[in-house]
Structure formats: C-alpha cells, structure tokens
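Worksheet for the structure shown next.
Protein chains: 2
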Amino acid sequence: MARMHYTRDNMAGLLRSHDINPTHQRIEIAHALFSRQEHLSADQVMAIVNTRHSETSKATVYNTLKLFLEKGLVREVIVDPSKVFFDPNTSPHHHLYEVDTGRLSDIDAEQVQISGLPPLPAGMVTEGIDLIVRVRRKA
Amino acid sequence: MARMHYTRDNMAGLLRSHDINPTHQRIEIAHALFSRQEHLSADQVMAIVNTRHSETSKATVYNTLKLFLEKGLVREVIVDPSKVFFDPNTSPHHHLYEVDTGRLSDIDAEQVQISGLPPLPAGMVTEGIDLIVRVRRKA
DNA sequence: TCCGGATATTAGACAAAGTCCAGATTGCCG
DNA sequence: CGGCAATCTGGACTTTGTCTAATATCCGGA
Ligand SMILES: [Mn+2]
Ligand SMILES: [Mn+2]
Ligand SMILES: [Zn+2]
Ligand SMILES: [Zn+2]
C-alpha cells in the first residue's frame, strides 16, 4: 500500500528485489501489470507490451509470467475457466467477479473474516485461501 | 442428503425432476457423476462413459454437462487453470484443493461462516460465493 | 402402422490458451 | 575479441472446449 508510481525505472529494482534479472522484456511486462494495478490475462499483457511495435514473443510473455509467479512477484487468480489472470497485488485479498462482463476487482481481506474451517488433513499446509464472490447484473 | 444409491434407474427420475429429457447418454453421464459423488472433468466423464465400448461422443459429453449446469443438476468448480470440474453436489459448500495432486474435496458450508463482505455494487446480485482452500503436502 | 417435425447425437473441423524446443541473441567476463 | 550462460524467439504442438452440418431417434397424429 501507499505505493506511489510504478515507472519503468522502478521496475528494475522491484525485479531485483525479487531475485529476477531485469531485462527489457521483463521490465515491460512488470510495468504493464504494476502501473495499472489490474488483473490481466497473458493475452492482455501480450497486447499491452506490443502496442507500439512487436517487441515480445508469446513464449517470453508466458515464461516471464510464470517466473514472476514462482518468485512471488505476482499471484494467479483462477475464476474464469478459459484463462488465468495475473494479479500484481500479492497481499492477501479476495475477489469480486462479474460473470457477465468478466470484470474482476479486489476485496480487502482486512474486514472479511472466515471462521469454522475444518482442520487440514495431516501433513498438509495451506497455500492460500481464495474467496470469490461471483456477481451478475440484476435481471 | 441421505441419498442412498444412485442407480441408472434412479437417474431417469432425477433428470425428469430437473426438466431434462432422459436419454441413454444423459443417464450414463448423470450416473457417472452421481454414483461416484466426485468432482469430474469432462475428460474423465468421457472416459468413464466409454470404458466398455465407445458410446458417447465428445460433443455430447460437453453438451450434456452444459445442459446439466443450466438446469441446476450439477455445479461447476473452477480451481484448476486447465480444466473445469463438474460437481454433483449442488448444496452450498466449499472446496479443498490439493494443488500437487489435483484432488478436490468438499467442505461443508454449515460450519463455515464468512462475514464482513463489502456491499455489492448497485444492481448486482450474488450468483455464488466460492471458497477454495488450496493445500499442499508439507515440505 | 406410417409420416413428419422436433429433439438429440455425431464426426470432425476449428479456436483459444498454453507448452515446448532448437536455434538465435544478448550480456558479461577474461 | 572469444566463450559461456542466460534469455528470447518463431513456430510446431497439445489440450480443452466450441461449432456445424449431417444423421439418428423419438413421438404424436392420421
Ligand atoms: Mn518498449
Ligand atoms: Mn452403457
Ligand atoms: Zn486481486
Ligand atoms: Zn463439491
């Protein structure tokens, strides 16, 4: 929070701080996500990064997003059966999904409490708890 | 609940009660889901239904699962970026997803409470609230 | 029973998202 | 400059799911 501006220049430091070698392509992809602070699909990232002139291949977009994921720079949001969204907000939070438009927005985790979850099966650890509120325009 | 046995004979009535014309293929597909009470992907349904000898086409499997969904006979569970699962349990409940094995199991909604959700945007209605606990084998 | 329309099923072409690979590029160090 | 590791790339490939036009099945009325 209280993050000011995500410029391309900032991106190099952000990447380094996550143990990611900052290359031109990686900076562009990070910038697409962080400057917008939106949930983007791989396809959308691809389109943004290649608006001016084609710069980054599909393989690199996918490789890079996966790398960001492994390094904990972004998180994955699985709400749509046809594509995954990448989320520059890695603090714990939930999602509101408008099923008819595909719009996806954040719900702050602070004020939401979830209680009464059963104990985990032995030898398992929680990787994350995803809460998705699916909404639709009233008929 | 307290459902005893899901035989093929029961399936016709179940389908009719959901306003679905019971055909041979639909009965087989419903039987695959309800007799197991498991979360199955379209591919898995296809494999089950066609074990003995090929009986049902891919198009019919997908058409039928979509029909079941529309008629409220099954629900969709979106946890895996690569495929959707179909769930014969339509009562409100949550899911535990073992990310490394792909195993998906139910969490009773009765004892879980979720509070503090923000008000919905105007003109929107909730279609459902999905809670997914992602777990992993302890390292 | 036979006919005709509505309903359901089918094979296979197609599309979209994502993966993989082998070859080119880049950046860096001596 | 030459070598090496890391990165990037086009394009083939895979998987999941959709679509379509042809066929098969079902059913009610003559
Ligand atoms: Mn650029
Ligand atoms: Mn059969
Ligand atoms: Zn988010
Ligand atoms: Zn379930």
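Taken in order, these protein sequences are the chains called A and B.
Under this note's numbering, think of the first position of the first sequence as 934, with each following residue one higher.
Under this note's numbering, think of the first position of the second sequence as 934, with each following residue one higher.
In this text, a Cβ means the ideal position worked out from N, Cα and C, and glycines have one as well.
With a threshold of 8 Å between beta-carbons, can residue i be considered close to chain A, or not?
| i | result |
| --- | --- |
| Val-1113 of chain B | What is shown of chain B runs 934 to 1072, which leaves residue 1113 of chain B out entirely. |
| Val-1079 of chain B | The question about residue 1079 of chain B has no answer, for chain B in this structure spans 934 to 1072. |
| Met-979 of chain B | no |
| Gly-1035 of chain B | no |
| Thr-1059 of chain B | yes |
| Ser-1048 of chain B | yes |
| Gln-1044 of chain B | yes |
| Arg-1070 of chain B | yes |
Within the same chain, show all residues whose beta-carbon is closer than 7 Å to that of residue i, passing over the 5 residues directly before and after it, in chain order.
| i | result |
| --- | --- |
| Asp-952 of chain A | Lys-1004 |
| Ala-1042 of chain B | Pro-1025, His-1026, His-1027 |
| Ala-945 of chain B | Pro-955, Ile-960 |
| Gly-1035 of chain A | Asp-1013 |
| Thr-984 of chain A | none |
| Lys-991 of chain A | Met-979 |
| Leu-1000 of chain A | Ile-953 |
I want to see whether chain B comes within less than 8 Å of residue i, judged by CB atoms only; does it?
| i | result |
| --- | --- |
| His-1051 of chain A | This sequence places Pro at residue 1051 of chain A; His is not what is there. Closer than 8 Å: yes. |
| Asp-1039 of chain A | no |
| Ile-1062 of chain A | yes |
| Thr-1023 of chain A | no |
Return the chain-ordered list of same chain residues with a C-beta closer than 8 Å to the C-beta of residue i, the five sequence neighbours on each side being excluded.
| i | result |
| --- | --- |
| Val-1066 of chain B | His-1027, His-1028, Leu-1029, Tyr-1030, Ile-1040 |
| Leu-998 of chain B | Ile-962, Ala-975, Val-978, Val-1007, Phe-1019 |
| Leu-948 of chain B | Asn-954, Pro-955, Arg-959, Ile-960, Ala-963, Leu-1006 |
| Thr-1059 of chain A | Leu-1053 |
| Val-982 of chain A | Gln-958, Glu-961, Ile-962, Ala-965, Glu-988, Thr-989, Val-994 |
| Glu-1009 of chain B | Leu-1002, Val-1017, Phe-1018, Phe-1019, Asp-1020 |
In chain order, what residues of the same chain have a beta carbon less than 6 Å from the beta carbon of residue i, not counting five sequence neighbours either side?
| i | result |
| --- | --- |
| Phe-967 of chain B | Tyr-939, Pro-1021 |
| Ser-1038 of chain A | Leu-1029 |
| Leu-1064 of chain A | His-1027 |
| Lys-1016 of chain B | Ser-974 |
Exercise. Would you list, in chain order, the members of the segment 989-1015 of chain A that have their beta-carbon closer than 8 Å to a beta-carbon of chain B?
Key: Glu-1009, Ile-1011, Val-1012, Asp-1013, Pro-1014
Practice problem: Entirely within the segment 1009-1056 of chain B and at least 3 residues each: give me those beta strand (DSSP E) ranges in chain order. | Solution: 1016-1020, 1026-1031, 1037-1041, 1046-1048
Self-check item: Residues with C-beta closer than 5 Å to any heavy atom of ligand 4, in chain order
Solution: B:Asp-1020, B:Asn-1022, B:Asp-1039
Quiz prompt | Where the segment 945-964 of chain A meets chain B: residues whose CB sits under 9 Å from a CB there | solution = Those would be none; no residue qualifies.
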